[in-house]
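Peer 1:
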Amino acid sequence: MTEPSYEVSLSVNGVPLTANVPARRLLSDTLRHELGQTGTHVGCEHGVCGACTVLLDGQPVRSCLLFAVTVDGQAVTTMEGCRAPDGALGPVQRAFMECHGLQCGFCTPGFVTTVTAFLRDNPAPTEDEAREAIGGNLCRCTGYQNIVASVLRAAEILREESP
Amino acid sequence: MKPPVFDYHRPVSVAEAVAMLAAAAERGGAKVLAGGQSLVPILNMRLAAPAALVDINRLAEELAFIEVGPDRVRVGALTRHAQTEASPIAFAALPLLRQATRQVAHPTIRNRGTTLGSIVHADPAGELPAVLLVLDGEVELASATGTRVVPAAEFFLGPLESAVRPDELAVAASFAIPPGRTGTAFVEVSRRAGDYALCGLGLVVRLGEDDRICSARAAYISVAGTPVLVDLTDAVGGQPPDGADWASAAVLAQAAVDPEADIHATADYRRHLVGVLTGRAGRAAAAATVLVGQS
Amino acid sequence: MTTLDAPARPTPPESVPVSPAAGPFGSAVLRKEDLRLAAGDGRYLDDLGQNALAAAFLRSPHAHARIVDIDITGALDVPGLVAIYTYDDLDGRVAQALPLLIPHPALHAPRTGYPLANQVVHHVGEAVAMVVAADRYAAEDAVERIRVSWESLPAVVGLNAARAAEHAVHPDVPDNVAAHLVQSVGDAPAAIDAAPYTVDLELYVERSASMPLEGKGVYARWDSDDRSLRVYSSTQTSTSLRFALAAKLAIPVDRVEVITPDVGGGFGVKIMHPWPEEVLVPWAAIRLRREVKWVEDRREHFISAAHERAQQHTVRVGFDGDGRVLGLDVRFLHDNGAYTPYGIIVPIISSTQLLGPYKLGAYRVEFHSLYTNTVIVTPYRGAGRAHGCFVMERVMDAVADHVGLDRAVVRANNMIQPDEMPFDQGLIFQDGRPLIYDTGDFPLSLRKALDLVDWKGFAAVRDEAQAQGRRVGIGLATYVEGTGVGPYEGAHVRVETTGDVVVSTGLTTQGQGHQTVFAQIAAQELGVGLERVSVTTGDTRRFAYGVGTFASRAAVMSGNAVAIAARMVRAKALRLAATALAAAESELSIADGVIRVRGFDQDGPHIALATVAVLANPLRYAFDEEAQRATQFATAASDGPPVPEGDEPGLEATGWYSPIRSTFANGVHAAVVETDPETAEITVLRYCVVHDCGTVINPMIVEGQVHGGVAQGIGGALYERIVYDESGQLVNASFMDFLMPYASEVPRVETDHVTSPSPLNPLGVKGVGEAGIIPGHAVIASAVEDAEGFRIDRMPISPSELFELRRRHARGEVPSLRRTQSDPQSDPQPDPQSDPQEGTP
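Residue numbers (our numbering), protein chains in the order written: chain X, 1 to 163; chain G, 1001 to 1295; chain D, 2001 to 2841.
1. Along the region 2511-2535 of chain D, what residues have a CB closer than 8 Å to any CB found in chain X?
2. Taking the alpha-carbon positions, what's the Pro4 (chain X) to Ala1064 (chain G) distance?
3. On the three-state DSSP scale, how would you describe Phe118 (chain X)?
4. What is the residue span of the alpha helix (DSSP H) that Met2557 (chain D) lies within?
5. Need the endpoints of the alpha helix (DSSP H) that Asn2160 (chain D) sits in, please.
6. Give the list of continuous beta strand (DSSP E) stretches no shorter than 3 residues that lie fully inside the region 45-97 of chain X.
7. Which class does Ile1056 (chain G) belong to by DSSP, given the choice of helix, strand or coil?
8. Using a Cβ-Cβ distance cut-off of 7 Å, determine whether His1106 (chain G) contacts chain X.
9. Indicate the three-state DSSP secondary structure (helix, strand or coil) for Lys2248 (chain D) in the structure shown.
10. Near Thr1114 (chain G), what residues of its chain come up, given a Cβ to Cβ distance below 8 Å and the 5 sequence neighbours on each side ignored?
11. Taking Cβ positions, are Gln2524 (chain D) and Phe2025 (chain D) nearer each other than 7 Å?
12. Pull the bridge partners of Cys2688 (chain D) from the DSSP assignment, please.
13. Any chance you could list the beta strand (DSSP E) runs of at least 3 consecutive residues sitting entirely within the region 2088-2155 of chain D, in chain order?
14. Have a look at G:Ala1024, G:Ala1025, G:Met1020 and G:Pro1003 and flag the residue whose alpha-carbon is nearest the alpha-carbon of Pro22 (chain X).
15. Any beta-carbon of chain D closer than 7 Å to the one on Arg1192 (chain G)?
16. Let's test the definition: count the other Cβ atoms within 10 Å of the Cβ of Glu2726 (chain D) and tell me whether it reaches 16, buried, or not, exposed.
17. Could you please tell me which residues of the region 31-42 of chain X, in chain order, have their CB closer than 8 Å to any CB of chain G?
18. Ignoring anything shorter than 4 residues, give me the alpha helix (DSSP H) runs that lie fully in the region 102-149 of chain X, in order along the chain.
19. Mapping the DSSP letters down to three states, classify Lys2448 (chain D) as helix, strand or coil.
20. Restricting to Cα atoms, I'd like to know which of D:Asp2419, D:Pro2357 and D:Ala2781 is closest to Leu2446 (chain D).
21. Using a Cβ-Cβ distance under 7 Å, would Thr2372 (chain D) count as near chain X?
22. How should Leu1097 (chain G) be labelled, buried or exposed, when 16 other C-beta atoms within 10 angstroms of its C-beta is the threshold for buried?
23. According to the Cβ coordinates, are His2123 (chain D) and Thr2378 (chain D) closer than 7 Å?
24. For Val1276 (chain G), does the three-state DSSP call read helix, strand or coil?
25. Using beta carbons (cut-off 7 Å, strictly below), is Arg2009 (chain D) in contact with chain X?
26. With a threshold of 7 Å between beta carbons, is Pro60 (chain X) in contact with chain D?
27. According to DSSP, is Tyr2742 (chain D) helix, strand or coil?
28. Between the C-alpha atoms of Met2795 (chain D) and Gln2430 (chain D), what's the straight-line distance to the nearest angstrom?
29. Kindly indicate if chain D contains any beta-carbon less than 7 Å away from that of Val1292 (chain G).
30. Using a beta-carbon distance below 7 Å, is Tyr1008 (chain G) in contact with chain X?
31. CB-CB under 6 Å to Gly1300 (chain G), same chain, minus the five flanking residues each way: which ones, in chain order?
32. List the residues of chain G whose Cβ lies closer than 9 Å to the Cβ of Pro2741 (chain D), in chain order.
33. Going straight from the alpha carbon of Pro1151 (chain G) to that of Glu1026 (chain G), what length do you get?
34. For Ala155 (chain X), go through chain G and note every residue whose CB falls closer than 9 Å to its CB, in chain order.
35. For Val2502 (chain D), list the residues DSSP reports as bridge partners.
36. Rounded to whole angstroms, what is the Cα-Cα separation between Arg2299 (chain D) and Pro1041 (chain G)?
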């Protein structure tokens, strides 16, 4: 009566990883537990809060609404993948720190991945565009003002650091 | 909130998918997993426990497409909301698709959820079912025994209930391109940005050769168990697009709906919004009347 | 070599001057914890215990029912199942009712629940059985297969039903009244009767909830070698939880450690303890000799954590022609849910904080706290202040409207003046101490808020909006917030032989930046770089005495304790350095971790704090090169004991701060809202905050706290409500239907501040954690009312509700405001609804 397990291969932040999980194992749980990437957080498991947002082949998705088996073979970028190559804060993460865009830090991974993808496609947003870009993620601590500032600062940092 | 056990199938072709559905139908039924943005929350909350899931996410080659023909736009089952929204050819032919899709939840949800999935899910607050209705849409259903096409008017049976049979896979939806000069709008009111609409509508207005309104139709959401199609032509037909009597259209629409109350809105408020939004959508659509083919 | 006169025991040296403000105190330094948290390297509860068994709970689907039978047989063959427990399995004190944390004489009928329901359930969500399994998926599978038969009992839902008491939540409390308390100053009813004018108001605030993004969680490890228990909990009080668990599980306190990991928000809901799960998970871990972890999911949080708000107020106010309140009589009903483990703190705070910055002629407040078959009510950010503020500020607006004066003028007329401070309101506050406002310049706060929002200029804004067919309104609300409530907090500061400074304190952190703020204090006091200081909070292994993080108390309590401890360390360091440098203590200063003699340049006599730390611990054995300096033959010879009497080894100290009473912060909010004339949608166009939290340690963090509070205030005013149906089912137990604001719903917050240091603590700080939320309901109601022209007396308000109110107003069922000429921001009466849809069937 034990459920069958499936071998799921994912490229997680550029590293090929494999997990053996039942079909119903959510991607959020697979990342956090089987694959040891606890940077992705789980806030609601019904797709509303956005804390679990990761990039799937570069596009933000709710990892709590995906089964790992469904995305077998695809590339996932998590909060950890938004760090600098040496493990220090990446540009978006640094912007959040500089702008006090996080307090408890629980929602932050969902914002960072979302903003990373957003700025890649929209490198010079207005304040309104920045606020709209973060409009699908809940934060209970910051009131969003400093997160909007973080988006704009991240755009600045990326511009400063681009070759 | 973890989902219950299910048998998992991941077909690599539509043929395989419908065969799996047929087999599953005899063993307690299966749900189709495409975008999952509606299905997985239901599973996580254990509000449903299908015996099997048929995951069609490998069928992109066959099912992820947007085809624009002379009369219809056809969207495949694995076309994500984000793709429909962004598609320049879809927008050129049917701006209403983008206008409506933009209102679906938030961009992250739209990256995964599918246009067809929204239609099949048949949520009374769903934008895409209304678009299917107001654009004389059709849904193509495949099964092991063949395919059939169900027109929009027969597709939505009740809240969260569509005409798709347990052994069928919705493979595409098509939307008619209204002939002549057409303007569309999708307007809704929700509590927070991205929430389910308290009330909304997709409206299509057509101008005749006399530059006057020859047809106005709207499909309303969140005012009944299924989207409600209302022909508003009696109220605004024959009138110039700027200055049409949308107030009368509003009254017409209000008489056609029977909204319910819930924790977010009273029935009277919803009905009131039907009136207000008919006017707003009508004016916006009239202002947007364009000649098809100019883009 | 002289032995300086050391004090008999280390005492807080108030006389030692603090380094000049060339340190991090008061600066917007970036947060140290962000190096971890912004990198995704936080350690929240579910990140721990990756090999632990998982617990899940069967929770009551009924609001009130007797458990007839629990049949677990269907669950026994679920793969991965380890154990199932019901009440009958509980033993010892675990089988007893959960504790009543805060008794009070007025709480005459307290009731608490059991960790697992004992025969009867009293709310949907109450835990009935615990399953432990290999993982959460399996545990939920097992929960689903447990069959419970119930005998349904009548459910009491809502204040009206509770008060009518046709049915009782607890059979031995037939009137559903848990507590009844009257407080008064003067004779309010008489004053009202004698007053030239009176107004009556019925006000209502609906239930909401803290709703942190991370739910509760408990992870327990029993070490059978050590016979010790380690519990991690996403709590706001590890020190108190430790005592509670030691008592419940009958384990000696020194064999129990409770550690608070990184916490994804608390906002009050995690101060309640011990939750049933906090008792049961360790209990199971001990029985099973396995690690057990429980991670609350969102649905569980809705139906089994805690809610707050929900009060119904009947108010009578008597006033004069200047709007001065001569008497205020408030009677309210408070919904405390099914049990009262946290006592009646929330309604007590409502009763006392209601007064705000005003001096009333006479005041009487009476409340009944009532049982309902719903989730328990324990503090949520504001903890009763928001309700009190709502009442007082609605009164102010109503009074202003009645006498035809500007709403700001009436408030100013009632305000306590700066020269009247400290001001004794004549009541007992939630800390059991007199409600005495220490410092604050309320009129100044008000003036600044009026300037910030351009109160005087609003008439022009309104006119311009009207010309465009838009409808806008402006609102105002003031508050006073008791912060820094005792009984105490402590802190330990130690300078390591590396020169690093290690700080620990008992209370906890949920995002307030304590690892930075407390480091700023210690760094400033000790003269070391901020980067040398590390701070641990909420870990009983490191600091065992404390109370917890709530009531905006952490900066006041632990901040001062850190300062006191750091000053003690500094004093000791200077004393030892004075000996080592053969200088007088008064000639020494510390900067960048080096003690120097004043008047010399860089090459003058100096000693590193690190070295002093070495010297402070006379050693027999040197463990590294540095330590060699402290060994018995390396130090100068002396006849006295190496550790002088009354002294201790190490360059460290423990400091305590225990206040004589709370210190009072204050603020004023002003908001401009727009209401859509057709759809009745409500948008906050501007939100202005003036706040006074005394001395500011980190302005960036203070601002962040205000922003977050404001978002929750707007959420509570316009979006959030917990909805129960009559049978006690929670109708909106998900984020789809419980509406917390996204970025699209929260405007930019404009802030200004006033600084009235507190005289009650060495740093002069006051709390600010709840400042942002307290006037939320009040200011938005004030603004919507101003936009619409009729009274708003229930919050939250949705577009649908505003629409219905407009209709009732048009029918004459809701009276219009009487704005007069003398009110600079008065506007003509709004046009009657000209909606063509009116009256359509």
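By construction, the Cβ of each residue, glycine as well, lies at the ideal position given by its N, Cα and C atoms.
Note that the coordinates shown come from a computational prediction; the quantities given were computed from them, not determined experimentally.
Peer 2: To lay it out plainly:
1. For the region 2511-2535 of chain D, the set of residues with a beta-carbon nearer than 8 Å to any beta-carbon of chain X comprises Gly2511, Gln2512 and Gly2513, in chain order.
2. For this step, residue 4 (chain X) is matched to residue 4 along the first sequence. For this step, residue 1064 (chain G) is matched to residue 64 along the second sequence. Between Pro4 (chain X) and Ala1064 (chain G), the C-alpha separation is close to 29 Å.
3. Position 118 of the first sequence, counting from 1, holds the residue named residue 118 (chain X). If DSSP states are grouped into helix, strand and coil, Phe118 (chain X) belongs with the helices.
4. Indexing the third sequence from 1 puts residue 2557 (chain D) at position 557. Counting along the chain, the alpha helix (DSSP H) containing Met2557 (chain D) begins and ends at Ala2554 to Leu2581.
5. As a position in the third sequence, residue 2160 (chain D) is number 160, starting the count at 1. Start and end: Leu2159 to Ala2164.
6. Entirely contained in the region 45-97 of chain X, the beta strand (DSSP E) runs reaching 3 residues are, in chain order, 53-56, 59-62 and 75-77.
7. Position 56 of the second sequence, counted from the first residue, corresponds to residue 1056 (chain G). Look at Ile1056 (chain G) here: in three-state DSSP terms it is coil, with no helix or strand label.
8. The sequence position of residue 1106 (chain G) within the second sequence is 106, counting from 1. Closer than 7 Å: yes.
9. By one-based count along the third sequence, residue 2248 (chain D) stands at place 248. Note: Lys2248 (chain D) maps to helix in three-state DSSP.
10. Mapped onto the second sequence, residue 1114 (chain G) falls at position 114. Ala1034, Gly1035, Ala1077, Leu1078, Thr1079, Arg1080 and His1081, listed in sequence order.
11. Reading the third sequence from its first residue, position 524 is the one you call residue 2524 (chain D). Reading the third sequence from its first residue, position 25 is the one you call residue 2025 (chain D). Closer than 7 Å, so yes.
12. In the third sequence, counting from the first residue as 1, residue 2688 (chain D) sits at position 688. Per DSSP, D:Ala2670 and D:Glu2750.
13. 2127-2133 and 2147-2152, all fully within the region 2088-2155 of chain D.
14. Indexing the first sequence from 1 puts residue 22 (chain X) at position 22. Nearest of G:Ala1024, G:Ala1025, G:Met1020 and G:Pro1003 to Pro22 (chain X), Cα basis: G:Pro1003.
15. Mapped onto the second sequence, residue 1192 (chain G) falls at position 192. Closer than 7 Å to the CB of Arg1192 (chain G) there is at least one CB belonging to chain D.
16. If you number the third sequence from 1, residue 2726 (chain D) lands on position 726. Counting the other CB atoms within 10 Å of its CB gives Glu2726 (chain D) a total below 16, which places it among the exposed residues.
17. Those residues of the region 31-42 of chain X placed with their C-beta closer than 8 Å to a C-beta in chain G do not exist.
18. As for any alpha helix (DSSP H) of minimum length 4 sitting wholly inside the region 102-149 of chain X, the runs are 108-121 and 127-133, ordered along the chain.
19. As a first step, residue 2448 (chain D) must be located in the third sequence, where it is residue number 448. The three-state secondary structure of Lys2448 (chain D), taken from DSSP, is helix.
20. Residue mapping note: residue 2446 (chain D) aligns to position 446 of the third sequence, counting from 1. Comparing Cα-Cα distances from Leu2446 (chain D) to each of D:Asp2419, D:Pro2357 and D:Ala2781, the minimum goes to D:Pro2357.
21. Position 372 of the third sequence holds residue 2372 (chain D). Chain X, which has no Cβ nearer than 7 Å to the Cβ of Thr2372 (chain D), makes this no.
22. Sequence index remark: in the second sequence, residue 1097 (chain G) carries index 97 (1-based). Taking all protein chains shown into account, Leu1097 (chain G) has 16 or more neighbouring C-beta atoms within 10 Å of its C-beta and is therefore buried.
23. Taking the third sequence and counting its residues from 1, one reaches residue 2123 (chain D) at position 123. Taking the third sequence and counting its residues from 1, one reaches residue 2378 (chain D) at position 378. Not in contact: His2123 (chain D) and Thr2378 (chain D) (Cβ atoms no closer than 7 Å).
24. Taking the second sequence and counting its residues from 1, the one referred to as residue 1276 (chain G) is at position 276. Here DSSP, grouped into helix, strand and coil, assigns Val1276 (chain G) to helix.
25. Translated into positions along the third sequence, residue 2009 (chain D) becomes position 9. Confidence at Arg2009 (chain D) is low in this model, with a pLDDT of 31, below 50, so the placement of that residue should be treated as unreliable; the coordinate-derived value is given next. With 7 Å as the cut-off, Arg2009 (chain D) does not count as an interface residue toward chain X.
26. As a first step, residue 60 (chain X) must be located in the first sequence, where it is residue number 60. Judged by the 7 Å Cβ criterion, Pro60 (chain X) is not in contact with chain D.
27. Translated into positions along the third sequence, residue 2742 (chain D) becomes position 742. Tyr2742 (chain D): coil per DSSP, three-state reduction.
28. On the third sequence, position 795 is the one that residue 2795 (chain D) refers to. On the third sequence, position 430 is the one that residue 2430 (chain D) refers to. Going from the Cα of Met2795 (chain D) to the Cα of Gln2430 (chain D) covers about 25 Å.
29. Position 292 of the second sequence, counting from 1, holds the residue named residue 1292 (chain G). Low confidence applies here, because Val1292 (chain G) scores a pLDDT of 45, under 50, leaving its location unreliable and the question unanswered by this model.
30. Position 8 of the second sequence, counted from the first residue, corresponds to residue 1008 (chain G). For Tyr1008 (chain G), at least one C-beta of chain X is nearer than 7 Å to its own C-beta.
31. Nothing about residue 1300 (chain G) can be read from this structure; chain G reaches only from 1001 to 1295.
32. Position 741 of the third sequence holds residue 2741 (chain D). Those within 9 Å of Pro2741 (chain D) in chain G are Arg1192.
33. Position 151 of the second sequence, counted from the first residue, corresponds to residue 1151 (chain G). Position 26 of the second sequence, counted from the first residue, corresponds to residue 1026 (chain G). Answer to the nearest angstrom: the Cα atoms are 27 Å apart.
34. Sequence index remark: in the first sequence, residue 155 (chain X) carries index 155 (1-based). In chain G, no part has a C-beta under 9 Å from the C-beta of Ala155 (chain X); the shortest such distance is about 18 Å.
35. As a first step, residue 2502 (chain D) must be located in the third sequence, where it is residue number 502. Checking the DSSP bridge columns, you'll see Val2502 (chain D) partnered with D:Arg2494 and D:Ser2534.
36. As a first step, residue 2299 (chain D) is located in the third sequence; it is residue number 299 there, counting from the start. As a first step, residue 1041 (chain G) is located in the second sequence; it is residue number 41 there, counting from the start. Cα-Cα distance, rounded: 12 Å.
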